[in-house]
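Engineer:
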Amino acid sequence: MAIGMVKELISLIIYIMRKFEPFMLRARPVQQMHKISSLLKCLLFMAAAAVFLSLGSASAVERTQQGEEILRSMYYRNMAKLETNSFGLPLFLESLERDDKVQVDVYGIFYYPFHSLVGTLRMPGTWCEIVSLHPNIKACISRDMPSAELLTFYIGRKDYQTPEEARQVVYQFWNIEQQQGYLDIVLSAEAGPFGTRDHRLRFEAMPLDGERTFVHVSYTYGDSAALRLAVKFYFATLGRGKVGFTVIGTDSNGNPVFIDGPRGAIERNAVRYYFAIQSYLDTLHYPEKNRFTMRISSWYDLTTRFRRQLFELDKNDYLTVKTKEHLRQTALQSAAP
């Protein structure tokens, strides 16, 4: 975690310096230059203090609330939810929307040994095969750079698009912690599509017994006031009727009313990624040449169990789109440095 904190601090300092660079270049009088320099030093000190204080407390909270002990505690506190819930699966979901942050946490049980998950999911390239099952991920390539493992997501429409037509979002892959009984992996991106920022996809796992693993998939991002206004307009028009999984009440007929808007959207995406991980694991014991076809079929069947929330394309359309996109992804990955 210390390395991640240092990198985040360096990124913040560089960002501030770049913002002030035009003013410093235009500032010719010595006195004015001195004032700007002093202000910059002050801002850098404040940034450093803020980052170390907030990240220090955040990492402490994270270790307390998201580490192995708390993950185990979450399992024992929510055994009843895993057995009986609206999903009809050993799975439950929590979400929150506060200020400019939306976060969803999906908890569930995979019927695979912990060691098999670790051996597979600790490899960055595996995550490209996983996330590309999502209808809006047109391709994903992994690159092993000197300072980091990078995953480039090509994000676009749900129907077929070439990677060149899609938006690129670069994630860093962090194998935060890997122990005998605990795995913690984070994919983080500073900037995302449509002005979003601080994207973070996290996967935690711990063994329950020799054949089962308790997992946690968390997805969060930050937005802006302008983006929130645009999103509200979208969900009031084209996105009307799209809902998530959290029940916020009942209608006049006693039917559940589900959360909508940005919180509903990120709930849908978190569940899609959860099922993508499950579909990837479900196909590993088959011959490699058959895995991709089986994987996209498995993902589709899992998601359409929740048609109200997750349906986007007919099955034949989805399989056709993903098959074409996978060929482009394979070519891109082969050409990647």
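Per numbering that gives the first Met the number 0, the sequence shown starts with residue 0, numbered consecutively.
Every residue gets a Cβ at the ideal spot worked out from N, C-alpha and C, and that includes glycine.
Here the structure is a predicted model, which means the values were calculated and not measured.
#1: Is F86 helix, strand or coil when you go by DSSP?
#2: By Cβ distance, which residues of its chain are closer than 7 Å to A147, with the 5 residues on each side in sequence left out?
#3: Below 8 Å on the Cβ atoms is my guess for I108 versus F213; work out the distance and round it to an integer in Å.
#4: For A190, which of helix, strand or coil comes out of DSSP?
#5: Please classify T257: does DSSP put it in a helix, a strand, or coil?
#6: Could you check whether G191 and V168 sit closer than 7 Å to each other, using their CB atoms as the reference points?
#7: Looking at the strands, I want to know which residues DSSP matches up with H325.
#8: Please confirm if the segment 67-86 is in contact with the segment 203-222, defined as three or more CB-CB distances below 8 Å between the two stretches.
#9: Measuring alpha carbon to alpha carbon, tell me which residue in G253, A79, F202, I129 is nearest F291.
#10: What's the gap between the Cα of L200 and the Cα of L326?
#11: Quick one: which unbroken alpha helix (DSSP H) runs of 4-plus residues sit fully inside the segment 117-153? Chain order, please.
#12: Between which two residues does the beta strand (DSSP E) containing T219 stretch?
#13: Sorted by chain position, which residues of the same chain lie with C-beta nearer than 6 Å to Q332's C-beta, five sequence neighbours on each side aside?
#14: Between P162 and A138, how many whole angstroms is the CB-CB distance? I'm expecting something under 8 Å.
#15: Taking the continuous beta strand (DSSP E) assigned at L312, which residues delimit it?
#16: Excluding the 5 residues preceding and the 5 following E82 in the sequence, name in chain order all residues of the same chain whose CB lies nearer than 8 Å to its CB.
#17: Going by other Cβ atoms of all chains shown within 10 Å of its Cβ, with 16 needed for buried, is S251 buried or exposed?
#18: Which residues in the same chain as N84 place their Cβ atom closer than 8 Å to its Cβ, once the five residues preceding and following it in sequence are excluded?
#19: Is the beta carbon of V256 less than 7 Å from the beta carbon of I247?
#20: Looking only at its chain, what residues have a beta carbon closer than 8 Å to the beta carbon of T125, apart from the 5 residues adjacent to it on each side?
#21: Is it the case that the Cβ atoms of H133 and R294 are separated by a distance below 7 Å?
#22: For L70, does the three-state DSSP call read helix, strand or coil?
#23: Where does D99 sit, in a helix, a strand or coil, going by DSSP?
#24: Rounded to whole angstroms, what's the CA-CA distance from K323 to Y159? Just pull it up for me.
#25: Which value, in whole angstroms, describes the spacing of the CA atoms of Y285 and Y111?
#26: Give the range of the beta strand (DSSP E) segment to which R202 is assigned.
#27: I need the boundaries of the beta strand (DSSP E) containing E176, first residue and last residue.
#28: What residue does the alpha helix (DSSP H) around F291 start on, and which one ends it?
#29: Whose C-alpha, out of Q178, Y299, Y220, is nearest the C-alpha of D316?
#30: Can you name, in chain order, every residue of its own chain whose Cβ lies under 6 Å from the Cβ of S217, other than the five neighbours on each side?
#31: Can you give me the C-alpha to C-alpha distance between F305 and R239, rounded to a whole angstrom?
Structural biologist: Taking the definition as stated:
#1: Taking the sequence shown and counting its residues from 1, the one referred to as residue 86 is at position 87. F86: coil per DSSP, three-state reduction.
#2: If you number the sequence shown from 1, residue 147 lands on position 148. Contacts found: Q171.
#3: Locating residue 108 in the sequence shown gives position 109, counting from the first residue. Locating residue 213 in the sequence shown gives position 214, counting from the first residue. Right, the Cβ-Cβ distance comes to about 6 Å (below 8 Å), so this counts as a contact.
#4: By one-based count along the sequence shown, residue 190 stands at place 191. The answer is strand: DSSP assigns A190 an E or B state.
#5: Taking the first residue of the sequence shown as position 1, residue 257 is located at position 258. It should be pointed out that residue 257 corresponds to Phe in this sequence rather than to Thr. Three-state result, F257: strand.
#6: Residue 168 sits at position 169 when you count from the first residue of the sequence shown. Residue 191 sits at position 192 when you count from the first residue of the sequence shown. Yes; because the gap between Cβ atoms is below 7 Å, this pair is in contact.
#7: One-based indexing of the sequence shown puts residue 325 at position 326. DSSP lists no partner for H325.
#8: yes
#9: The count along the sequence shown starts at 1 and reaches residue 291 at position 292. Of the listed residues, the one whose Cα sits closest to F291 is I129.
#10: Sequence index remark: in the sequence shown, residue 200 carries index 201 (1-based). Sequence index remark: in the sequence shown, residue 326 carries index 327 (1-based). Those two C-alpha atoms are separated by around 25 Å.
#11: 123-130
#12: Residue 219 sits at position 220 when you count from the first residue of the sequence shown. Here the beta strand (DSSP E) through T219 covers 212-221.
#13: For the purposes of this step, residue 332 is identified with residue 333 of the sequence shown, where counting begins at 1. I140.
#14: For this step, residue 162 is matched to residue 163 along the sequence shown. For this step, residue 138 is matched to residue 139 along the sequence shown. Between A138 and P162 the Cβ distance is about 4 Å, and since that is below 8 Å, they are a contact.
#15: As a first step, residue 312 must be located in the sequence shown, where it is residue number 313. Here L312 belongs to no beta strand (DSSP E), and DSSP marks it neither H nor E.
#16: Indexing the sequence shown from 1 puts residue 82 at position 83. The answer, listed in chain order, is P89.
#17: The count along the sequence shown starts at 1 and reaches residue 251 at position 252. Exposed, by the Cβ-count rule.
#18: Here the question's residue 84 lines up with position 85 in the sequence shown. So the list reads L90, F91, once near-sequence residues are dropped.
#19: As a position in the sequence shown, residue 256 is number 257, starting the count at 1. As a position in the sequence shown, residue 247 is number 248, starting the count at 1. The answer is yes: Cβ separation under 7 Å.
#20: The sequence position of residue 125 within the sequence shown is 126, counting from 1. For T125, where only same-chain residues beyond five positions count, the Cβ hits under 8 Å are T119, Y279.
#21: To locate residue 133, count along the sequence shown from 1; it is residue 134. To locate residue 294, count along the sequence shown from 1; it is residue 295. Cβ distance not < 7 Å, so H133 and R294 don't count as in contact.
#22: For the purposes of this step, residue 70 is taken as the residue at position 71 of the sequence shown. The answer is helix: DSSP assigns L70 an H, G or I state.
#23: Within the sequence shown, residue 99 is the residue found at index 100, counting from 1. Three-state DSSP puts D99 in coil, outside helix and strand.
#24: Here residue 323 is taken as the residue at index 324 of the sequence shown, counted from 1. Here residue 159 is taken as the residue at index 160 of the sequence shown, counted from 1. Computed Cα separation, rounded: 8 Å.
#25: Mapped onto the sequence shown, residue 285 falls at position 286. Mapped onto the sequence shown, residue 111 falls at position 112. Their backbone Cα atoms lie some 15 Å apart in a straight line.
#26: Stepping through the sequence shown from its first residue, residue 202 is reached at position 203. First, the residue type needs correcting, since residue 202 is Phe and not Arg in the sequence shown. 196-206 is the span of the beta strand (DSSP E), which, as asked, contains F202.
#27: Residue mapping note: residue 176 aligns to position 177 of the sequence shown, counting from 1. Taken as a continuous stretch (DSSP letters only), the beta strand (DSSP E) holding E176 covers 166-178.
#28: In the sequence shown, residue 291 corresponds to position 292, counting from 1. Note, F291: alpha helix (DSSP H), 287-302.
#29: On the sequence shown, position 317 is the one that residue 316 refers to. With distances taken between Cα atoms, D316 lies closest to Y299.
#30: Reading the sequence shown from its first residue, position 218 is the one you call residue 217. Excluding sequence neighbours, S217 sits near D104, R201.
#31: For the purposes of this step, residue 305 is identified with residue 306 of the sequence shown, where counting begins at 1. For the purposes of this step, residue 239 is identified with residue 240 of the sequence shown, where counting begins at 1. So the alpha carbons of these two residues sit roughly 18 Å apart.
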